[in-house]
Amino acid sequence: MWNKLLYYALSSVTDYLCEDNLAVNQHFRSQLEFAGKFFETLPQINLDVNKLFGDEELILFSATAYVFAGYPGASAVVLKGLTGDKLSSTERVLAEVIRYGDVNFPWENSKIGLTTSLVFSGREDISILYKQVDSLLEDAYRRDHDIDIIAAECVQKIIRQCWENATINLMPSFSDTDPQKWVLPLTARKVHPVLWSAQRELGKHNVFRGNSAVVQLPTGSGKTASFSLILRASLYRDSFHIAVIVAPFKSIRDEIYLDLKLQFHDEEVDINRISTELKFDFSDFSLIERPAILIVTPEKLLFMIRYDPNFLSETGLFIFDEAHQLDNSDRGITFELLLSTINFFVTDEIQKIFVSAVIGNPNEVSEWFNSGNNNVVNKLTPRKLEKVLGYSYWNDKTMHGELYIWNKLQEAKALVKFPYFFDPVKIKENKIQPDFTIKNRTKGIRWATALTTRQFMKGGMVAVYVPRKDTIKGLAQVFMELQEKSPILIDGNESVVALCKLFELNFGEDSVLVRAYRNGIFVHDGDIPDGIRGSLEFEARNGNIPLLLCTNTLAQGVNLPIKTIIITSIGNGEMELNNRDTINLIGRVGRTGVINEGNIIFMQNISSFSDERVKHALNSLAIDAPAEPLGSSLAALFMPTAINSYSRSEDIRASEWCVPEFLDNPMEWISNRVKGDSPSKAKAYRRLFLKKANGIWQIENYLMSIWNVIQEGVQEENIENVVKKMFASTCIRDDEFDLMLWTFKYLGERISRLVVDRHDVLTMSKMMVGINEALTIKSFVDSNDEVIITSDDMEQIITDIWPILRTSVSIKNQSEDSLYRFLLNKWIKGSSYIEILESWKLEYPDIRLSNRKPTVEKVYIICSQAFQFDMQLKLTALMEVITDPVKYARLEKLQVAMKLGLPKKTEQVMYGAGISDRVLARLFCEEMGVDTADYKEVLHWLRMNKGKIIEKFGNIIPEYFRSRIW
Numbered sequence: 001m002w003n004k005l006l007y008y009a010l011s012s013v014t015d016y017l018c019e020d021n022l023a024v025n026q027h028f029r030s031q032l033e034f035a036g037k038f039f040e041t042l043p044q045i046n047l048d049v050n051k052l053f054g055d056e057e058l059i060l061f062s063a064t065a066y067v068f069a070g071y072p073g074a075s076a077v078v079l080k081g082l083t084g085d086k087l088s089s090t091e092r093v094l095a096e097v098i099r100y101g102d103v104n105f106p107w108e109n110s111k112i113g114l115t116t117s118l119v120f121s122g123r124e125d126i127s128i129l130y131k132q133v134d135s136l137l138e139d140a141y142r143r144d145h146d147i148d149i150i151a152a153e154c155v156q157k158i159i160r161q162c163w164e165n166a167t168i169n170l171m172p173s174f175s176d177t178d179p180q181k182w183v184l185p186l187t188a189r190k191v192h193p194v195l196w197s198a199q200r201e202l203g204k205h206n207v208f209r210g211n212s213a214v215v216q217l218p219t220g221s222g223k224t225a226s227f228s229l230i231l232r233a234s235l236y237r238d239s240f241h242i243a244v245i246v247a248p249f250k251s252i253r254d255e256i257y258l259d260l261k262l263q264f265h266d267e268e269v270d271i272n273r274i275s276t277e278l279k280f281d282f283s284d285f286s287l288i289e290r291p292a293i294l295i296v297t298p299e300k301l302l303f304m305i306r307y308d309p310n311f312l313s314e315t316g317l318f319i320f321d322e323a324h325q326l327d328n329s330d331r332g333i334t335f336e337l338l339l340s341t342i343n344f345f346v347t348d349e350i351q352k353i354f355v356s357a358v359i360g361n362p363n364e365v366s367e368w369f370n371s372g373n374n375n376v377v378n379k380l381t382p383r384k385l386e387k388v389l390g391y392s393y394w395n396d397k398t399m400h401g402e403l404y405i406w407n408k409l410q411e412a413k414a415l416v417k418f419p420y421f422f423d424p425v426k427i428k429e430n431k432i433q434p435d436f437t438i439k440n441r442t443k444g445i446r447w448a449t450a451l452t453t454r455q456f457m458k459g460g461m462v463a464v465y466v467p468r469k470d471t472i473k474g475l476a477q478v479f480m481e482l483q484e485k486s487p488i489l490i491d492g493n494e495s496v497v498a499l500c501k502l503f504e505l506n507f508g509e510d511s512v513l514v515r516a517y518r519n520g521i522f523v524h525d526g527d528i529p530d531g532i533r534g535s536l537e538f539e540a541r542n543g544n545i546p547l548l549l550c551t552n553t554l555a556q557g558v559n560l561p562i563k564t565i566i567i568t569s570i571g572n573g574e575m576e577l578n579n580r581d582t583i584n585l586i587g588r589v590g591r592t593g594v595i596n597e598g599n600i601i602f603m604q605n606i607s608s609f610s611d612e613r614v615k616h617a618l619n620s621l622a623i624d625a626p627a628e629p630l631g632s633s634l635a636a637l638f639m640p641t642a643i644n645s646y647s648r649s650e651d652i653r654a655s656e657w658c659v660p661e662f663l664d665n666p667m668e669w670i671s672n673r674v675k676g677d678s679p680s681k682a683k684a685y686r687r688l689f690l691k692k693a694n695g696i697w698q699i700e701n702y703l704m705s706i707w708n709v710i711q712e713g714v715q716e717e718n719i720e721n722v723v724k725k726m727f728a729s730t731c732i733r734d735d736e737f738d739l740m741l742w743t744f745k746y747l748g749e750r751i752s753r754l755v756v757d758r759h760d761v762l763t764m765s766k767m768m769v770g771i772n773e774a775l776t777i778k779s780f781v782d783s784n785d786e787v788i789i790t791s792d793d794m795e796q797i798i799t800d801i802w803p804i805l806r807t808s809v810s811i812k813n814q815s816e817d818s819l820y821r822f823l824l825n826k827w828i829k830g831s832s833y834i835e836i837l838e839s840w841k842l843e844y845p846d847i848r849l850s851n852r853k854p855t856v857e858k859v860y861i862i863c864s865q866a867f868q869f870d871m872q873l874k875l876t877a878l879m880e881v882i883t884d885p886v887k888y889a890r891l892e893k894l895q896v897a898m899k900l901g902l903p904k905k906t907e908q909v910m911y912g913a914g915i916s917d918r919v920l921a922r923l924f925c926e927e928m929g930v931d932t933a934d935y936k937e938v939l940h941w942l943r944m945n946k947g948k949i950i951e952k953f954g955n956i957i958p959e960y961f962r963s964r965i966w
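Okay, structure coming up:
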């Protein structure tokens, strides 16, 4: 059987060689993809009967088939580790040509390999390479060696195919630039020698010439490389002094920054990663001599524009990455208001690129984006290797787990059953798991998930997706219990051990998450400290993390070598995975150029209704159903909204809350509205209406930021024009639009009534809050200016401004605001999370928030959300109305201490220099013995004392931090 398939696979390659046309049709692509996968898999089967185990000739032809089929990333993966020991000289030439003359193979490059490198970097003429290949072919036919003849023919075909799409061949014409400008980056391997299909499509739509565009780039199509080409093309045409890349999350911002730093290393351009803090910590980029590329989050860019919109006049390029976040229920309004703000201050001629993998309605988005002055690039079909789709099911009759895999070749019965996929586990004398005989099936699902995961861990890294944060710890505990009852060997990698010890210093040895890490069960979630999460991702990329439990942080652009994803549930209500979310999530599996396989497995047995929804989701993926149309979070503000976002049992219409009384004073209106309701109902209503109020405050702040524009003529007419230009106006019913328009006009009238001076309005817009809160803060400062912030002592400053800061504490917890102030003081002094928890238990032993005993995880949430974010916003707003420079400087110091939870300058600089863990930063500062060191002094000390630091702290320094310091 293997012999027959071997001949079939090889004939797929030779059939393509006989074709004169370089383009690959779907028939050839399917055959070549099969050949690539067969040639890749066969050498991996370590059985006595398989005489081809480890055969490098098959590996080489796997890479060849993948190149012909249009999968250069898969080809690169296959060739990793190729030794060439048993390859002929002709076959080695083939390997070199596939990698465009790569010199990293463990043999001396051939003449053709060296020439290939020169040709594809623009330093040699292609005719010379063709002559060398002709000689190679003549020699192969003269020797009459079958495989060498095929290899030589493959060399010729690959060179012809690649030259047709060569970067040096296409980019100068695609971008109207001098070909010589591309030689250096191609020589330095900063730019890929050949354009992938997505990049060629961008070229055909004049994106590299400076045209604006709405671009649907499928996952794995080379987005980062496309960004680099767009930036280079603009640089080489002198089209920008400043370019801005907007990344929706800090993790994506950091990833883009690191990629671009490498790609533009030692070039005449500055790459800047702007902090996420809402404070003035950025330069006047209009004064810099060299071009600058800024990578920034939407919230920070909006703050920068509020503070100084003039820098936009120097900006010649905007790229909005993961732009489907426009429809994000939490941050979509901010993103839409940012885009609308840019529309006001930036002309349509400036290039703007709207990028996402999952836009279901690109034409509609394009009609609105940049006033419709753009191209739509959406004909890029996902060019990815097939992934395994299926679901895991517990069979009560056989008492075993079953796996069902989708087979696209079987139309009648598409699901192939694998019985006895996993066995149950005996956890007590008379108790086994999974157990679905009890009413609450949660525990059974968790056990079925853990046992399914175990099976897939044998083949590579597994990520287990959990839609709700509050359930991930319960799942981790089941994995730990399984490890106790049926242990598997955990690799004791030194760096991973250091990561676990460092996490323990942060959270304490009793933390559920720390215990999970020590048992090889790693949680990737927003409630994990940044430094720990960064270290975890680093170890995962290096193949040291076999298992990851995660929430939607995984879908936020994190690229890891994940072989399998187990989806425990598709969720309910606002946590439900729609098709767009699912496509984004599974895009993390089998990443192009990282791993060539991927498994997407859903869990069943939750309920019959949920199981049907799982099958529907699986079917949508199997048939490549398109993503849902992109909506508007701003429009959704005025649409019917579920009271209970999880169950969607009842809706509230906008006309029930969007009334003058609510808009005038949302907090008072909400308090009156929930009086007399049961605690659970009051909680649901308060949560819903606070979200509506937050949207209203954002609208107010937006109107204040463009107040000068609104005041040029008739205010109501100008506001109506503003609203009609928003994306929300394109995806909302007429009655909802009328209510939205009335709301904007009413809020504009309120601003006019409450604030007469234009300068005051613009000052308040920089406060990033609504008009009521801005006036409250201004009144507080006016009334207390002489008695507040008179001391350098940060605890005293917190006491002085606590009436403003305490409004960040949720209404239900404001009676415990003394606890919050106590915890904040511990936080700014640099106490670790576990130290803060111990202080809470000691000083406030009887206080429980939400009637739950205090945990270190709760401490982390308070610090990261209340102190680092919510109170930061209040402090930023307060600083806008402080005119005394001494008091302002004191608040700046408090602002940094609140953001990092570190009081000393040296600790703060350590953190910013790459030691992004509070415990490590504090320990290193103590070791340095200097509290006020600057950036250069810290870097010098770290480099000069490397051996001493590793000797003393090496057991708690993961490789992630070592790589950033040294």
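UniProt numbering puts the first residue of the sequence shown at 1, with every later residue one more than the last. Backbone N, C-alpha and C define an ideal beta-carbon position, used for all residues, glycine too.
Identify whether residue i lies in helix, strand or coil by the three-state DSSP scheme.
i           : result
residue 406 : strand
residue 805 : helix
residue 506 : helix
residue 731 : coil
residue 216 : strand
residue 413 : coil
residue 395 : strand
residue 664 : helix
residue 524 : strand
residue 946 : helix
residue 983 : Summary: the structure shown does not reach residue 983, with the chain confined to residues 1 through 966, and so no result is reported for it.
residue 559 : coil
residue 97  : helix
Determine which residues share a DSSP beta bridge with residue i and list them.
i           : result
residue 272 : 294
residue 925 : For residue 925, which the question treats as bridged, DSSP gives no partner whatsoever.
residue 433 : 425
residue 390 : 405, 601
residue 83  : The partner list for residue 83 (beta bridge, DSSP) is empty, contrary to what the question assumes.
residue 564 : 462, 599
Return the chain-ordered list of same chain residues with a C-beta closer than 6 angstroms to the C-beta of residue i, the five sequence neighbours on each side being excluded.
i           : result
residue 932 : 905
residue 816 : 847
residue 620 : 579
Once you ignore the five residues that flank residue i on each side, which residues in its own chain have a CB closer than 8 angstroms to its CB?
i           : result
residue 438 : 444
residue 914 : 961, 964, 965
residue 895 : 277, 279, 872, 875, 876, 879
residue 469 : 525, 526, 527, 551
residue 304 : 274, 282, 296, 311
Taking contact to mean 3 or more Cβ pairs, one atom from each stretch, closer than 8 angstroms, check whether the region 510-524 and the region 585-594 are in contact. No, the region 510-524 is not in contact with the region 585-594.
Three CB pairs or more closer than 8 angstroms across the region 189-206 and the region 603-613: Output reads no: the region 603-613 does not touch the region 189-206.
Whole beta strand (DSSP E) elements within the region 306-363, 3-residue minimum: Those beta strand (DSSP E) runs which fall completely within the region 306-363 and span 3+ residues are 315-320, 351-356.
Contained alpha helix (DSSP H) runs [length at least 4] in the region 574-643, N- to C-terminal order: Within the region 574-643, the complete alpha helix (DSSP H) runs of at least 4 residues are 579-586, 608-622, 633-636.
Counting beta carbon pairs with one atom in the region 712-723 and one in the region 307-327, are three or more of them shorter than 8 angstroms? Output reads no: the region 712-723 does not touch the region 307-327.
Do the region 117-131 and the region 159-170 touch if we need at least three Cβ pairs shorter than 8 angstroms? Yes, the region 117-131 is in contact with the region 159-170.
Alpha helix (DSSP H) runs wholly inside the region 441-497, at least 4 long, in chain order: For the region 441-497, whole alpha helix (DSSP H) runs of length 4 or above, ordered along the chain, are 442-457, 469-485.
Can we say the region 171-181 touches the region 150-162, given the rule of at least three CB pairs closer than 8 angstroms? No: the two stretches stay apart, fewer than three of their Cβ pairs being nearer than 8 angstroms.
Could you tell me whether the region 529-541 touches the region 472-487, using the rule of 3 or more Cβ pairs below 8 angstroms? The answer is no - the region 472-487 does not touch the region 529-541, with fewer than three Cβ pairs under 8 angstroms.
Three Cβ pairs or more, each shorter than 8 angstroms: is that satisfied between the region 783-802 and the region 758-773? Short answer: they don't touch.
Pair every Cβ in the region 388-402 with every Cβ in the region 419-435, then say whether three or more of these pairs are closer than 8 angstroms. Yes, the region 388-402 is in contact with the region 419-435.
Flag this pair as touching only if the region 204-213 and the region 334-353 have three or more C-beta atom pairs under 8 angstroms; answer yes or no. Taking a cut-off of 8 angstroms on C-beta distances, the region 204-213 touches the region 334-353, as three or more cross pairs fall below it.
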